[in-house]
Amino acid sequence: MPLPNDALSRALDDPADPPLHPLPRAAADLLRTLDAPPRLAAHLRAVHDVARQLVGWVEERCPDLAVDRGAVLFGAATHDIGKVVHPAELSGPGSLHEEAGRELLAAHGFAPELARFAATHATWTDPGATVEDLLVGTADKIWKNKRVPALEDLVVARLTEATGRPRWEEFLALDELLERLGAGADRRLAYQAAFPTARPVP
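Just so it is clear: in the sequence shown, position 23 is 136 by the working numbering, and no numbers are missing.
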């Protein structure tokens with residue numbers, strides 16, 4: 114008989130198809146501590162992997178743009194952590210998980226500048242949104258090949274400001290990247306769907 118947390122362990126640790134990087138240790142350890150739903154872990158792993166590719170591209174294209182890579186990766190790896198508290202939002206709409214996630218991360222000792230991503234991944238239009246917020250929000254959309262022009266325009270504006278290149282040039286470069294990242298969406302969605310939304314009953 115498999116252990117009650119077997120599906121969670123597989124979501125966090127097993128080789129994935131498509132290949133996905135493991136989550137940062139702090140995020141994976143927290144998911145284990147919370148006995149998180151396996152599908153949530155799989156989702157966070159997929160979004161985190163896209164965020165890794167996205168932030169790597171930004172660092173290469175715009176070396177003068179100050180981006181906190183660790184914050185982006187942690188944010189992507191924990192952005193939906195509040196769905197531990199509101200599991201119905203794993204399979205249906207809802208935004209209760211956003212503030213709940215911020216509070217959950219704070220309660221487990223994570224600094225406000227990291228805990229915030231649980232709430233800001235859906236509020237990237239706020240005037241105080243950082244480039245890190247925009248990248249986490251973009252990863253959370255493009256992992257399933259959802260294009261959000263208003264969000265992408267904000268990213269393009271940051272790229273244009275940092276590089277001094279024409280806006281159209283940054284737009285085309287970002288568009289090409291997002292097309293490439295979005296092409297893997299079907300496999301990522303299938304990977305996520307292979308995991309249950311609840312812990313198995315022992």
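Quick reminder that beta carbons are idealized off the backbone N, C-alpha and C, glycines included.
Predicted model only: the values in this text are computed from it and were never measured.
{"Check": "Exposed unless 16 or more other CB atoms sit within 10 angstroms - verdict on residue 262", "Outcome": "exposed"}
{"Check": "Inter-residue Cα distance where the pair is residue 288 and residue 168", "Outcome": "15 Å"}
{"Check": "Collapsed DSSP secondary structure at residue 187 in the structure displayed", "Outcome": "helix"}
{"Check": "Simplified DSSP assignment, three categories, for residue 122", "Outcome": "helix"}
{"Check": "Same chain, Cβ closer than 7 Å to residue 136, neighbours up to 5 away in sequence not counted", "Outcome": "125, 157, 158, 161 and 190"}
{"Check": "C-alpha distance - residue 116 paired with residue 184, whole-angstrom precision", "Outcome": "Reliability of the predicted coordinates at residue 116 is poor, the pLDDT of 41 falling under 50, and the value obtained from them is presented with this limitation in mind. Spanning the two alpha carbons is a distance of roughly 33 Å."}
{"Check": "Candidates 194, 193 and 165, of which the one nearest residue 182 by Cα", "Outcome": "165"}
{"Check": "Proximity of residue 214 and residue 241 at Cβ, strictly below 7 Å", "Outcome": "no"}
{"Check": "Straight-line gap, residue 148 to residue 259 (C-alpha atoms, nearest Å)", "Outcome": "29 Å"}
{"Check": "Backbone CA spacing between residue 239 and residue 231 [nearest angstrom]", "Outcome": "14 Å"}
{"Check": "Simplified DSSP state of residue 272, which is helix, strand or coil", "Outcome": "helix"}
{"Check": "Other residues of its chain near residue 220: CB distance less than 6 Å, five sequence neighbours each side excluded", "Outcome": "none"}
{"Check": "Minimum C-alpha distance to residue 186 - residue among 140, 127, 212 and 304", "Outcome": "140"}
{"Check": "From 266, 204, 267 and 211, residue whose alpha carbon lies closest to that of residue 67", "Outcome": "Any question about residue 67 goes unanswered here, given that the chain covers just 114 to 315."}
{"Check": "Beta-carbon separation (whole angstroms), residue 155 vs residue 304, contact threshold 8 Å", "Outcome": "6 Å"}
{"Check": "Among 131, 217, 211 and 123, nearest to residue 294 - alpha-carbon criterion", "Outcome": "131"}
{"Check": "Reduced DSSP secondary structure (H/G/I, E/B, other) of residue 237", "Outcome": "coil"}
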